[in-house]
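Colleague:
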Amino acid sequence: MQQHPRGKLIAIGGAEDKGTAPDKGELQKLSNLNFIELGILHRIVAESGGPDAKIEVITTASMIPYEVGENYLDAFGKIGCTDVSIMQIRNRADATSNEYIDRLRACDTVMFSGGNQLRLSTTFGGTNFLRIILERYHTEPGFVVAGTSAGAMAMSNTMIYEGNATRAHLKGEVKITTGLGFMDDVIFDSHFEKRGRFGRLTQAIATNPSCIGIGLGEDTGMLITDGNKMEAIG
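Per this note's numbering, the very first residue in the sequence shown carries number 1416; after that it's consecutive.
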């Protein structure tokens, strides 16, 4: 019998609260309270072991990786995290860097940012870097793999990489490839309500009937433990 993964997955639908609401006064205070006490990033920190956890954010999927990295450093800093770093991995050669491999082995959590999920699968697929993450996820209790938007969509073995929501009902419009492989028999889609992706996910499931479709709304996530226990968060 296959053993359940001992680590945790946190899949996020994108646009998670980073504590940057522009409103003032009481509304701002409420927003700050929600971000600090109830927000998804706070939950990632809690599942990672608290503010002292070592978190590595991987911005490979993004076309603006430095800006995205700074946003996460700022957001996690507001929660009180002091050991957050950014892995600026832009290609497969970067993923072989001894520095990044050492940091990957030492961290408590990895978080994949949003962007283009195909960049994640083509950069990390078949690499030792991905093998280490998978090994840690399957064997280490408490190890967290988080991903938002494209980072969430790439978590499963079966991954949507292209498909216009308005044409998703047409045969061949939704493109599927192999993801990072943290879960089998699941397909994630992100920004689910905001971008009207019900039809896209339906088409993906129709052509991959062994899979369960999970549509994640913005600033909404799913904590997955033991590979099969799911809790909605956010």
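No residue lacks a Cβ here, since even glycine has one placed at the ideal position from N, Cα and C.
#1: Ends of the beta strand (DSSP E) at I1425?
#2: Determine the DSSP secondary structure at T1554, reduced to helix, strand or coil.
#3: How would you label E1482, buried or exposed, when you count the other beta carbons within 10 angstroms and need 16 or more for buried?
#4: Grouping DSSP H, G and I as helix and E and B as strand, with all else coil, what is A1461?
#5: Does the segment 1575-1593 touch the segment 1546-1564, meaning 3 or more C-beta pairs lie closer than 8 Å?
#6: Taking 8 Å as the limit between beta carbons, can you name the residues of its chain near T1542, skipping five residues before and five after?
#7: Since F1603 sits in a beta bridge, which residues does DSSP pair it with?
#8: Name the DSSP beta bridge partners of A1647, please?
#9: Check the DSSP bridge columns for E1577 and list the partner residues they point to.
#10: Identify the continuous beta strand (DSSP E) that holds I1473 and give its terminal residues.
#11: From the DSSP output, in three-state form, read off I1479 for me.
#12: Please go through the same chain and pick out, in chain order, the residues whose beta-carbon is closer than 6 Å to the beta-carbon of G1495, but skip the five residues on each side of it.
#13: Quick check on this structure: which residue in D1498, K1423, Q1418 and H1457 has the alpha carbon closest to the alpha carbon of D1432?
#14: Apart from the five residues just before and just after R1534, which ones in its own chain have a Cβ nearer than 6 Å to its Cβ?
#15: Using C-beta distances below 6 Å, list every residue in its chain close to D1600, excluding the 5 sequence neighbours before and after it, in chain order.
#16: On a Cα-Cα basis, can you pick out the residue from N1531, M1502, G1529 and S1528 that is closest to L1519?
Modeller: Reading from the atomic positions:
#1: Stepping through the sequence shown from its first residue, residue 1425 is reached at position 10. K1423 to I1427 is the span of the beta strand (DSSP E), which, as asked, contains I1425.
#2: Here residue 1554 refers to the residue found at position 139 of the sequence shown. In the structure shown, T1554 sits in a helix (DSSP, three-state: H, G or I).
#3: Here residue 1482 refers to the residue found at position 67 of the sequence shown. The residue in question, E1482, is exposed, as its Cβ has fewer than 16 Cβ neighbours within 10 Å.
#4: Residue 1461 sits at position 46 when you count from the first residue of the sequence shown. Annotated three-state conformation of A1461 is helix, per DSSP.
#5: Cβ pair count under 8 Å is below three, so no.
#6: For the purposes of this step, residue 1542 is taken as residue 127 along the sequence shown, with counting starting at 1. Here the set comprises R1507, A1510 and T1511.
#7: Looking up residue 1603 in the sequence shown gives position 188. According to DSSP, which records beta bridges pairwise, F1603 is partnered with I1629.
#8: In the sequence shown, counting from the first residue as 1, residue 1647 sits at position 232. Partner(s): M1637.
#9: The residue given as residue 1577 occupies position 162 in the sequence shown. Bridge partners of E1577: K1590.
#10: In the sequence shown, counting from the first residue as 1, residue 1473 sits at position 58. Following the DSSP letters along the chain, one finds I1473 inside the beta strand (DSSP E) bounded by residues I1470 to I1473.
#11: As a working mapping, residue 1479 is identified with position 64 in the sequence shown. Coil, per DSSP.
#12: Your numbering for residue 1495 matches position 80 in the sequence shown. Result list for G1495: P1466, in chain order.
#13: Translated into the one-based positions of the sequence shown, residue 1432 becomes position 17. Put simply, of D1498, K1423, Q1418 and H1457 the residue whose alpha carbon is nearest the alpha carbon of D1432 is H1457.
#14: Indexing the sequence shown from 1 puts residue 1534 at position 119. Cβ neighbours of R1534 beyond the five flanking positions: T1475 and A1476.
#15: For this step, residue 1600 is matched to residue 185 along the sequence shown. Annotation for D1600: S1625 and C1626 place their beta carbon closer than 6 Å to its own, counting only its chain and skipping 5 residues before and after.
#16: Here residue 1519 refers to the residue found at position 104 when the sequence shown is read from its first residue. It is M1502.
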